[in-house]
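Numbering (the working numbering), first residue to last: 925 to 1224. We put the beta carbon where it would ideally sit given N, CA and C, even for glycine.
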């Protein structure tokens, strides 16, 4: 985490003039009829290209160093938002921020009070910040996390968690699979890969992420030529290969972020109750297959 120290006694004329111009732009925004073209132009005048498509801020807005604020797509920020951004503030896509929230990326030294210690703040995708919450310097709020109303957040908030209080503490873990955007495959982000059986037979799989970004995915395996689809003793579908090998490979799930090494867990039908894993690696963005892995010998 990059930390900077700013001496307010040494602020340049350029920085001072920039702060004055920002005050004027904020005044204009805060006194313009909302939901009008003029209002949206005033927002763009403050943030420029750092304000994502589909995002909206309800006036009044207070900000310092707005040039250090990046707001993603489809972000909603309610009224009386205070952004002290000398250390940098990043708000990712689909974040919801309630009224009277303060995000502070700088703090005064307790003894040299003209010195500011600045650390960046990041609010990750689809996080929800409750009314009256305060996010302090250096904090990252995890994706899909909830910060309860009136909370004071002094340390990082884990993904998919709920924090409340002063200082904020984790009180609940959210169920990833219950989020609506995790419920249906995003076909456009699917990709193909291959796996190898003993004896050189090759099969293929497709990985279809749930939602637009990461987290859950379904892995669909396509058996090699000559394989026969069968129903296993436990009622699940599987494949019988030409050499007699029986595999339960209809689908698997992983729950780690794309870009990590993923280890989808697959049932071993030959040993009831035993689970084995097949590992492969993907990257964010184009999700290209980095490496092919073979099944474990004792499974094949």
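| Query | Result |
| --- | --- |
| Reference residue 1079; option with closest CA among 1043, 1001, 1049 | 1043 |
| Nearest-angstrom Cα separation, counted from residue 993 out to residue 953 | 16 Å |
| Beta-carbon contacts of residue 1033 that lie in its chain and below 7 Å, excluding the five residues immediately before and after | 1039, 1041 |
| DSSP-derived helix/strand/coil call for residue 1099 | coil |
| Distance, residue 933 Cα to residue 1017 Cα | 36 Å |
| Residue 995 burial status per 10 Å Cβ neighbour count (16 or more: buried) | buried |
| Cut-off 8 Å between Cβ atoms - residues of its own chain near residue 1059, not counting five sequence neighbours on either side | 1025, 1026, 1027, 1028, 1045, 1047, 1053, 1065, 1071, 1077 |
| Extent of the continuous alpha helix (DSSP H) to which residue 964 belongs | 961-971 |
| Residue closest to residue 1086, alpha-carbon to alpha-carbon, out of 1000, 1061, 1050 | 1050 |
| Cα-Cα separation, residue 1203 to residue 976 | Any answer about residue 1203 is weak, because its pLDDT of 38 lies below 50 and its placement is not dependable; what the coordinates show is given next. Rounded to whole angstroms, residue 1203 to residue 976 spans 36 Å at the Cα level. |
| Span of the beta strand (DSSP E), counted from its first residue to its last, around residue 990 | Unbroken run through residue 990: none, as it is neither H nor E. |
| According to DSSP, residues forming a beta bridge with residue 929 | 1041 |
| Run of the beta strand (DSSP E) containing residue 1006, from where it starts to where it stops | 1005-1008 |
| Simplified DSSP assignment, three categories, for residue 1050 | coil |
| Residue 979 and residue 968 closer than 8 Å at C-beta | no |
| Other residues of its chain near residue 1004: CB distance less than 7 Å, five sequence neighbours each side excluded | 984, 1023, 1024 |
| Residue 936 burial status per 10 Å Cβ neighbour count (16 or more: buried) | exposed |
| Same chain only: Cβ atoms within 6 Å of residue 1095, ignoring 5 sequence neighbours per side | 1086, 1088 |
| Cα-Cα separation between residue 1144 and residue 1067, rounded to whole angstroms | A caution first: residue 1144 carries a pLDDT of 43, below 50, which makes its placement in the model unreliable, though a value can still be read off. Cα to Cα, residue 1144 sits roughly 27 Å from residue 1067. |
| Start and end residues, alpha helix (DSSP H) containing residue 954 | 937-954 |
| Candidates 926, 1035, 1000, 1056: closest to residue 1019 by CA position | 1000 |
| C-alpha gap between residue 1098 and residue 1007, whole angstroms | 28 Å |
| Residues near residue 1103 by beta carbon distance below 7 Å, same chain, minus five either side | 1068 |
| Alpha-carbon spacing of residue 1031 relative to residue 958, whole angstroms | 32 Å |
| Nearest neighbour of residue 1037, chosen from 1073, 962, 1010, 931 [CA to CA] | 931 |
| Start-to-end residues for the beta strand (DSSP E) that takes in residue 998 | No beta strand (DSSP E) holds residue 998; DSSP gives it neither H nor E. |
| C-beta contact flag for residue 987 and residue 950 at 8 Å | yes |
| Cα-Cα separation between residue 1011 and residue 1021, rounded to whole angstroms | 20 Å |
| Buried versus exposed, by CB contacts within 10 Å (16 or more), residue 1063 | buried |
| Cα-Cα separation between residue 1002 and residue 941, rounded to whole angstroms | 28 Å |
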